[in-house]
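Participant:
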């Protein structure tokens with residue numbers, strides 16, 4: 123915590139700063155009584171207990187690629203990012219817009235003055251995967267230690283979700299939790315600073331995302347604590363759910379035709395995405411809108427496996443699902 127200091131800016135009597143707050147109760151007793159004062163509070167998660175109207179909540183999304191590249195160049199102060207922009211972009215994407223990760227990357231570049239960025243990239247990837255982001259790793263560890271069992275389970279499973287984003291429905295299928303329990307777990311991750319639901323308004327509707335370096339933290343926790351077979355079961359459960367969502371979406375988008383596999387059974391506890399049948403629409407405009415929505419949903423289901431490593435894992439899980447579907451009943 124920094125001591126408040128006098129300021130004449132904007133008529134404020136005093137300006138104060140409180141850093142790394144975890145709960146509003148840590149801040150409220152220290153707030154000045156004067157209504158003309160300004161206090162800046164930083165935290166890794168939202169402080170919902172602050173009185174409404176007394177605070178302005180500002181979510182800080184990860185840096186965009188251009189700003190992240192500029193920060194990396196300021197940290198490095200070296201000719202290599204400009205000389206090899208492709209590798210520089212790869213380093214920036216690896217850091218996923220997190221300033222702390224960019225500082226780690228910049229330190230690696232400064233430490234290895236003779237190495238090209240293309241070589242540093244592989245070493246940096248290994249460093250972030252194995253050790254995490256220095257400076258914030260212990261903060262994530264502390265937040266994780268305070269999670270309930272359902273929230274900790276969900277956090278460990280989220281890095282195994284294919285694709286970079288997930289929804290409430292797909293997280294429910296992955297976790298095996300009841301819908302209400304999954305909602306509670308996601309909100310708990312938000313309160314703990316391990317997921318920022320305030321950024322939902324900046325993404326496609328209903329999509330959530332764990333930034334890459336933090337995803338790495340969740341993956342390390344999963345490797346240490348997941349029970350045998352737990353991850354495979356979660357991925358198979360999610361894949362069955364994705365196939366079940368894709369089946370009606372495919373039919374609604376392309377129309378009825380010959381199929382060799384019937385609609386998969388519901389995944390227990392995981393609700394289906396509501397899609398309306400175009401054939402039941404009352405007019406052509408509604409029919410076209412429903413078909414377009416189904417086509418977009420089908421694209422979203424397929425897009426989750428666009429990364430090669432995730433596609434490989436998805437194929438292995440699909441073999442298991444396909445074998446089960448083809449068994450005599």
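In the numbering used here, the protein residues as written are 123 to 451. Heads up, the beta-carbon is just placed ideally off N, CA and C, and yes, glycines get one too. For clarity, every value in this text was computed on a predicted model and none was experimentally measured.
Assign residue 289 to one of three DSSP states: helix, strand, or coil.
Facilitator: If DSSP states are grouped into helix, strand and coil, residue 289 belongs with coil.
Participant: State yes or no: is the C-beta of residue 463 within less than 7 angstroms of the C-beta of residue 357?
Facilitator: No information on residue 463 is available, as it lies outside the stretch 123 to 451 that the chain covers here.
Participant: Would the stretch 270-280 and the stretch 238-253 be scored as touching if the rule is three or more Cβ pairs under 8 angstroms?
Facilitator: Too few Cβ pairs lie closer than 8 angstroms, so no.
Participant: Distance cutoff 7 angstroms, beta carbons only. Does residue 293 sit that close to anything in chain C?
Facilitator: Judged by its chain identifiers, the structure shown contains no chain C, having just a single protein chain.
Participant: Just to confirm my understanding: we take residue 299, look at its own chain, exclude 5 residues before and 5 after, and list those with CB closer than 8 angstroms. What are they?
Facilitator: Answer for residue 299: 272, 275, 276, 307, 391, listed in chain order.
Participant: Thinking C-alpha only, which one of 377, 328, 144, 162 is nearest residue 409?
Facilitator: Closest option to residue 409, Cα to Cα, is 377.
Participant: Taking only runs of the alpha helix (DSSP H) that begin and end inside the stretch 224-265, which ones reach a length of at least 4 residues, in chain order?
Facilitator: If we require 4 residues or more, the alpha helix (DSSP H) runs fully inside the stretch 224-265 come out as 239-252.
Participant: Have a look at residue 286 and residue 158 and give me their C-alpha separation to the nearest angstrom.
Facilitator: The straight-line gap from Cα to Cα measures roughly 44 angstroms.
Participant: For residue 193, collect the residues of the same chain with a Cβ closer than 6 angstroms to its Cβ; drop the 5 residues on either side in sequence, then sort them by chain order.
Facilitator: Closer than 6 angstroms at the Cβ level, and outside the excluded window around residue 193, lie 224.
Participant: Are the CB atoms of residue 389 and residue 303 within a distance shorter than 7 angstroms?
Facilitator: For residue 303 and residue 389, no; Cβs fall outside 7 angstroms.
Participant: Please list, in chain order, all residues of the same chain as residue 341 whose beta carbon is under 6 angstroms from its beta carbon, the five residues on each side excluded.
Facilitator: Once the five neighbours on either side are set aside, the close Cβ partners of residue 341 are 281.
Participant: I'd like the list of long-range same chain contacts for residue 439, defined as Cβ closer than 6 angstroms, with 5 residues on each side in sequence excluded.
Facilitator: Per-residue confidence for residue 439 stands at a pLDDT of 48, beneath the threshold of 50, marking its modelled position as unreliable; the derived number appears in the next sentence. Cβ neighbours of residue 439 beyond the five flanking positions: 357, 358, 361.
Participant: So residue 310 is in the alpha helix (DSSP H); what residue range does that whole segment cover?
Facilitator: Residue 310 -> alpha helix (DSSP H) spans 301-313.
Participant: Residues in the same chain with beta-carbon distance under 6 angstroms from residue 366, minus the five sequence neighbours each way, listed in chain order, please.
Facilitator: Within the same chain, residue 366 has close Cβ partners 386.
Participant: Fully enclosed by the stretch 325-405, which alpha helix (DSSP H) runs are 4 residues long or longer?
Facilitator: Those alpha helix (DSSP H) runs which fall completely within the stretch 325-405 and span 4+ residues are 334-347, 352-376.
Participant: Hey, residue 160 and residue 178: beta-carbon distance below 7 angstroms or not?
Facilitator: No, the pair does not count as a contact, with Cβ atoms beyond the cut-off.
Participant: Nearest-angstrom Cα distance between residue 170 and residue 146?
Facilitator: Using only the alpha carbons, I get a separation of about 7 angstroms.
Participant: Is the stretch 229-247 close to the stretch 208-220, with three or more CB pairs under 8 angstroms?
Facilitator: Contact holds: three or more Cβ-Cβ distances are below 8 angstroms.
Participant: Identify the continuous alpha helix (DSSP H) that holds residue 99 and give its terminal residues.
Facilitator: Here the chain covers residues 123 to 451 and nothing more, so residue 99 does not appear.
Participant: Report the CB separation of residue 167 from residue 222 in whole angstroms; it is logged as a contact under 8 angstroms.
Facilitator: Contact flag wrong, Cβ pair sits at about 16 angstroms.
Participant: Can you give me the Cβ contacts of residue 353 inside the same chain, cut-off strictly under 8 angstroms, excluding the 5 residues immediately before and after it?
Facilitator: So the list reads 279, 282, 344, once near-sequence residues are dropped.
Participant: Taking the alpha-carbon of residue 200 as reference, which of 186, 218, 229 has the nearest alpha-carbon?
Facilitator: That would be 229, whose Cα lies nearest to the Cα of residue 200.
Participant: Assuming residue 318 contacts residue 143 under a Cβ cut-off of 8 angstroms, what Cβ separation, rounded to an integer in Å, is found between them?
Facilitator: Between residue 143 and residue 318 the Cβ distance is about 15 angstroms, and since that is not below 8 angstroms, they are no contact.
Participant: Of the residues 172, 154, 219, which one's Cα is nearest the Cα of residue 185?
Facilitator: Answer by Cα proximity: 219.
Participant: Give the range of the alpha helix (DSSP H) segment to which residue 212 is assigned.
Facilitator: Its alpha helix (DSSP H) spans residues 207-217.
Participant: Is residue 187 buried or exposed, if buried means 16 or more other CB atoms sit within 10 Å of its CB?
Facilitator: Under this definition residue 187 is an exposed residue.
Participant: By alpha-carbon positions, which one of 244, 314, 363 ends up nearest to residue 290?
Facilitator: Nearest of 244, 314, 363 to residue 290, Cα basis: 363.
Participant: Just how far apart, CA to CA, sit residue 152 and residue 262?
Facilitator: Each residue's alpha carbon lies about 25 angstroms from the other.
Participant: Would you identify the three-state DSSP class for residue 409, choosing helix, strand or coil?
Facilitator: Reduced to three states, the DSSP call for residue 409 is helix.
Participant: Going by DSSP, what residue range makes up the alpha helix (DSSP H) through residue 189?
Facilitator: Start and end: 187-198.
Participant: Of the residues 347, 301, 234, which one's Cα is nearest the Cα of residue 266?
Facilitator: Here the closest residue by C-alpha is 347.
Participant: Given that a residue counts as buried once 16 or more other Cβ atoms are within 10 Å of its Cβ, and exposed if not, what is residue 349?
Facilitator: Looking at its Cβ environment, which holds fewer than 16 other Cβ atoms inside 10 Å, residue 349 is exposed.
Participant: Within the same chain, show all residues whose beta-carbon is closer than 8 angstroms to that of residue 288, passing over the 5 residues directly before and after it, in chain order.
Facilitator: Here the set comprises 280, 296, 329, 330, 331.
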